[in-house]
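Residue numbers for the sequence shown follow the numbering used here, beginning at 4 and rising by one. Quick reminder that beta carbons are idealized off the backbone N, C-alpha and C, glycines included.
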Amino acid sequence: MRTQVAIIGAGPAGLLLGQLLSRAGIDNIILERSSADHVLSRVRAGVLEGGTVALLDEAGCADRLHAEGLVHNGIEIAFSGECHRIDLKRHSGRSVTVYGQTEVTRDLMEARAALGRPTIYEAANVELHEFDTAAPYVTFTREDITERIDADFIAGCDGFHGISRRSVPTAAFSVFERVYPFGWLGVLADVPPAADELIYARHARGFALCSMRSPTRSRYYIQTDAADKVEMWTDDAFWDELRRRVPADAADRVVTGPSLEKSMAQLRSFVAEPMRFGRLFLCGDAAHIVPPTGAKGLNLAASDVHYLFGAIRDYFDSRSEAALDTYSARALARVWKAERFSWWMTAALHNLPEQGAFGERLQIAELDYLTHSDAAASVLAENYVGLPY
Ligand code: FAD
Ligand code: DHB
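So this is what it looks like as structure tokens:
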């Protein structure tokens, strides 16, 4: 097979890039290791920045998002038994949209199918070749037959555990990493949310987050030990722990029910630099990971796609490589600001075992300052709604 852009991975980054390229008349093939159902079964992000929504609009995939997404103008920060609202709209002039990653993925998959563009699911043994030359290609196996795709460019959109970054010699890039000694346990349940807006709660027993997917579906998270396994947490134990960690009035409003899904996520900050190796471009989680506290991972995947799509379009329009040459630097400048924000929000709200009593007092002082100073609240709001592209 021959295409202009071979995309590895059909997560949000790969599907969004594919959609923008297809609408610009640029041919692309997506190779995905898992089945479409498996991709859709992964419950992850829930909060979209305005820039991500605009990009989904540009991709022609935002009708359902506009009809069903919940526009939020504020978030609650809870500590010392009380909730404090940060007015995102007042402090930044912008809002965020609560709309699940699964729904974004479903909309992108349907749009791709409507355009008749190929996604090869359950592609095994994907390998990247010759991307340091002008003639890169990808091989994979399907039903025990090895196939080959020649392309002008390869977009590595295959997430943190993907093959794209691992295909690059380790001497060719630098890694910056912090692994946190705790994880998040998430539960999805068909119960009405405890509040109209998200509650990010700091508690001595650990962080808790009250989120939602719709007026009848809630998403909750609690901080757990990194070594905890999903099986160690019954639904009842989860609900009890969640209610202990949020202020009493919010705890009273938590409606419990059987979990539809329950999963653990490790918390990690990670950046691989650069994001370009010849004709291979990394995008999204393939190049960087943030702890989920600031709701930035999917949104960063979207901003990478914005930069990469523009650069590839320029190349095919005018054979200019200028934007391809600056892709990595432009993407990384935004990535690092989101890394900083996600690290800061994680440190401000989690129980950090090594910090001791002094660190705990500083944490309370920081949250008190954040929720009582317009200047501090503006800094949070500007970052939370998403820095400009
Ligand atoms: P992925 O979604 O990981 O997609 C990569 C795809 O590549 C996968 O489908 C995978 O199967 C495929 N693949 C892997 N290896 C191969 C291979 N060898 N060959 C072919 N295909 C391969 N982000 C936010 O912005 N807001 C939030 O509110 C938020 N909340 C989160 C909550 C949790 C609990 C978690 C875990 C994450 C959250 N995130 C959030 C982060 C967000 O989910 C990720 O950043 C996002 O999924 C990244 O998209 P991606 O397309 O880069 O990678
Ligand atoms: C959700 C996830 C996040 O990481 C976050 O910061 C806010 C909401 C969610 O899944 O709803």
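Q.
By the three-class DSSP mapping on this structure, what secondary structure does residue 212 have?
A. Walking along the sequence shown from the start, residue 212 turns up at place 209. Of the three classes helix, strand and coil, the one that applies to residue 212 here is strand, per DSSP.
Q: Look at the alpha carbon of residue 249 and the alpha carbon of residue 347, and state the distance between them as a whole number of angstroms.
A: Here the question's residue 249 lines up with position 246 in the sequence shown. Here the question's residue 347 lines up with position 344 in the sequence shown. Computed Cα separation, rounded: 20 Å.
Q.
Please state whether the Cβ-Cβ distance between residue 6 and residue 154 is less than 7 Å.
A. The residue given as residue 6 occupies position 3 in the sequence shown. The residue given as residue 154 occupies position 151 in the sequence shown. For residue 6 and residue 154, yes; Cβs fall inside 7 Å.
Q) Cα-Cα, which of 342, 212, 175, 331 is closest to residue 257? A) Indexing the sequence shown from 1 puts residue 257 at position 254. Residue 257 has its Cα closest to that of 212, out of 342, 212, 175, 331.
Q.
If distances are taken between C-alpha atoms only, which option among 296, 371, 52, 162 comes closest to residue 3?
A. Only positions 4 to 392 of the chain appear in this structure, which leaves residue 3 out of reach.
Q. Buried or exposed: where does residue 118 fall if 16 or more other Cβ atoms within 10 Å of its Cβ makes it buried?
A. Position 115 of the sequence shown, counted from the start, is the residue given in the question as residue 118. It is exposed - the Cβ of residue 118 has fewer than 16 other Cβ atoms within 10 Å.
Q) So, residue 78 versus residue 87, is the Cβ gap smaller than 7 Å? A) Position 75 of the sequence shown, counting from 1, holds the residue named residue 78. Position 84 of the sequence shown, counting from 1, holds the residue named residue 87. No.
Q) Can we count residue 216 as close to ligand 1, meaning its CB is less than 6 Å from some heavy atom? A) Within the sequence shown, the letter at position 213 stands for residue 216. It does not: the Cβ of residue 216 is nowhere closer than 6 Å to a heavy atom of ligand 1.
**Q.** CA-to-CA distance, residue 14 to residue 195, given in whole angstroms
**A.** Your numbering for residue 195 matches position 192 in the sequence shown. Your numbering for residue 14 matches position 11 in the sequence shown. Those two C-alpha atoms are separated by around 28 Å.
**Q.** Distance CB(residue 205)-CB(residue 82) smaller than 7 Å
**A.** Taking the first residue of the sequence shown as 1, we reach residue 205 at position 202. Taking the first residue of the sequence shown as 1, we reach residue 82 at position 79. Result yes, Cβ atoms of residue 205 and residue 82 sit closer than 7 Å.
Q) Closest to residue 62 by CA distance: which of 20, 95, 102 is it? A) To locate residue 62, count along the sequence shown from 1; it is residue 59. The candidate whose alpha carbon is nearest that of residue 62 is 20.
(Q) I want to check one thing, is the minimum distance from the CB of residue 298 to the heavy atoms of ligand 2 below 6 Å? (A) Position 295 of the sequence shown holds residue 298. Under cutoff, so the answer is yes.
(Q) Please determine whether the Cβ atom of residue 88 lies at a distance below 6 Å from any heavy atom of ligand 3. (A) Absence of ligand 3 from the depicted structure is noted, with ligand 1 and ligand 2 being the only ligands included.
Q) Cα separation between residue 48 and residue 302? A) Indexing the sequence shown from 1 puts residue 48 at position 45. Indexing the sequence shown from 1 puts residue 302 at position 299. Looking at the two C-alpha atoms, the distance is approximately 9 Å.
**Q.** Status (buried if at least 16 other CB within 10 Å, exposed otherwise) for residue 3
**A.** No answer is possible for residue 3: it lies beyond the span of the chain, which begins at 4 and ends at 392.
Q. Relative to ligand 2, is the shortest distance from any of its heavy atoms to the C-beta of residue 184 smaller than 6 Å?
A. Here residue 184 refers to the residue found at position 181 when the sequence shown is read from its first residue. No, since every heavy atom of ligand 2 falls outside the 6 Å radius drawn around the Cβ of residue 184.
Q: Would you give the residue range spanned by the beta strand (DSSP E) that residue 3 belongs to?
A: Missing from the structure shown is residue 3; the chain here goes from 4 to 392 and no further.
Q: Would you please verify whether the beta carbon of residue 235 is less than 7 Å from any beta carbon of chain E?
A: The structure shown contains no chain E, having only a single protein chain.
Q) Can we count residue 42 as close to ligand 1, meaning its CB is less than 6 Å from some heavy atom? A) Locating residue 42 in the sequence shown gives position 39, counting from the first residue. Correct: residue 42 has its Cβ closer than 6 Å to ligand 1.
Q) What does a CB cutoff of less than 6 Å around residue 221 pick up in its chain, not counting 5 residues either side in sequence? A) Residue numbering aside, residue 221 sits at position 218 when the sequence shown is read from its first letter. 192, 194, 196, 215, listed in sequence order.
Q. Where do the N-terminal and C-terminal ends of the alpha helix (DSSP H) with residue 63 fall, by residue?
A. Numbered from 1 along the sequence shown, position 60 holds the residue referred to as residue 63. No alpha helix (DSSP H) contains residue 63, which DSSP labels as neither H nor E.
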